[in-house]
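**Student:** Quick one: the structure is below, and I'll ask about it shortly.
Numbering (my numbering), first residue to last: 218 to 492.
Laid out in structure tokens, this is it:
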């Protein structure tokens, strides 16, 4: 794991702030609103103009012929051996960012259900931060317009339906890696007793994009830097802070009731994602 990502995790753990007094954050998707009508993706907490500047945060992607580029190629070739294995299947599952399905990504790691019905504030914490972490990558992504592995090497991916769109979308930094790491950090903040499992799942969520063939290793590393920066910025938002405190209360309530993850594949997930 890159040192920058480890440092971000340590900072987040050490700098938890006191609850902020503010109006109860909404949990209704209709109240929060979609950032673009019909997409199902809700408005984030942060105005796009105030998101971290990814172009200033990450170095340029590896140049062809460089040592880092060679390392990207080598790592890509290693992941080809994972085709048609359980790890490949989970890479395909991790493609989906739409809710309610995406809410289940961390259910096994958190060991409790996550849904609009059972944990509305926790669910909204994930839905809204998705846009914040994802959009934060686009200043660098649009600037560099790096070709994705499958497009550069003429290969197929774990998700053929994505390929036409992704071939026109820059590879560096990875939005999924930014999001997975941001979600892992956020959840580790509200459920510190499960921090290791949550951060491991967030890391694996980004790795899934390399397994799938749509990102290079260096894309993931840069994405995690941006994801950590987005979470750091979210700590200063009173609505996010208030929702995080309410999410903590939901987790405590679920634990008091003895609720466990409703996923039936937690053991197989753990085996497939084991590093």
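In this text, a Cβ means the ideal position worked out from N, Cα and C, and glycines have one as well.
At which residues does the alpha helix (DSSP H) containing residue 331 begin and terminate?
**Tutor:** It is not in any alpha helix (DSSP H) - residue 331 carries neither H nor E in the DSSP assignment.
**Student:** Flag this pair as yes or no: are the beta carbons of residue 320 and residue 340 separated by less than 7 Å?
**Tutor:** Going by C-beta atoms, residue 320 is nearer than 7 Å to residue 340.
**Student:** Report back the beta-carbon spacing between residue 463 and residue 349 to the nearest angstrom; my notes put them in contact at under 8 Å.
**Tutor:** Residue 463 to residue 349, Cβ: 18 Å. No contact.
**Student:** Can you find the residues in the same chain that come closer than 6 Å, C-beta to C-beta, to residue 363, ignoring five residues on each side of it along the sequence?
**Tutor:** These residues qualify, in order along the chain: 278, 387, 388, 389.
**Student:** Could you give the uninterrupted runs of the alpha helix (DSSP H) lying entirely in the stretch 260-295, keeping only those of 4 residues or more?
**Tutor:** 271-274, all fully within the stretch 260-295.
**Student:** Please name the residue, chosen from 381, 451, 382, that lies closest to residue 402 on a Cα-to-Cα basis.
**Tutor:** It is 451 whose Cα lies nearest to the Cα of residue 402.
**Student:** Can you tell me the Cβ-Cβ gap for residue 296 and residue 427, rounded? I've got them flagged as a contact below 8 Å.
**Tutor:** Contact holds; Cβ gap of about 6 Å.
**Student:** Counting only the same chain and skipping the five closest in sequence on each side, list residues whose C-beta sits under 8 Å from that of residue 474.
**Tutor:** No residues qualify anywhere along the chain.
**Student:** Do residue 480 and residue 332 have their CB atoms nearer than 7 Å?
**Tutor:** Against a cut-off of 7 Å, the Cβ pair of residue 332 and residue 480 comes out as no contact.
**Student:** Do residue 308 and residue 375 come within 7 Å of each other at the CB atom, strictly closer than that value?
**Tutor:** Cβ distance < 7 Å, so residue 375 and residue 308 count as in contact.
**Student:** Report yes or no: do the stretch 255-267 and the stretch 395-409 share at least 3 C-beta pairs separated by less than 8 Å?
**Tutor:** These segments do not touch.
**Student:** Can you give the Cα-Cα distance for residue 425 and residue 303, rounded to whole angstroms?
**Tutor:** One C-alpha to the other measures close to 12 Å.
**Student:** Measure the alpha-carbon distance for residue 271 versus residue 313 and round it to whole angstroms.
**Tutor:** Going from the Cα of residue 271 to the Cα of residue 313 covers about 23 Å.
**Student:** Excluding the 5 residues flanking residue 470 on each side, which residues of the same chain have their C-beta closer than 7 Å to its C-beta?
**Tutor:** Around residue 470: no qualifying Cβ.
**Student:** Could you compute how far the alpha carbon of residue 318 sits from the alpha carbon of residue 242?
**Tutor:** When rounded, the distance between both Cα atoms is 22 Å.
**Student:** State the Cα-Cα distance for the pair residue 316 and residue 358, rounded to the nearest angstrom.
**Tutor:** Near 24 Å, if we compare the C-alpha coordinates of residue 358 and residue 316.
**Student:** Is the beta carbon of residue 442 closer than 7 Å to that of residue 354?
**Tutor:** Taking 7 Å as the Cβ cut-off, residue 354 and residue 442 do not qualify as a contacting pair.
**Student:** Quick one: which unbroken alpha helix (DSSP H) runs of 4-plus residues sit fully inside the stretch 420-457? Chain order, please.
**Tutor:** For the stretch 420-457, whole alpha helix (DSSP H) runs of length 4 or above, ordered along the chain, are 434-451.
**Student:** What is the DSSP secondary structure of residue 358, reduced to helix, strand or coil?
**Tutor:** Helix at residue 358.
**Student:** Taking 7 Å as the cut-off, decide whether the C-beta atoms of residue 366 and residue 430 are in contact.
**Tutor:** Yes, the Cβ-Cβ distance between residue 366 and residue 430 is below 7 Å.
**Student:** Can you give me the Cβ contacts of residue 281 inside the same chain, cut-off strictly under 8 Å, excluding the 5 residues immediately before and after it?
**Tutor:** So the list is empty, once near-sequence residues are dropped.
**Student:** According to DSSP, which residues form a beta bridge with residue 251?
**Tutor:** DSSP output for residue 251 lists 259 as bridge partner(s).
**Student:** When the Cα of residue 369 is compared with those of 290, 446, 437, 417, which residue comes out closest?
**Tutor:** Taking only the C-alpha atoms, the option nearest residue 369 is 290.
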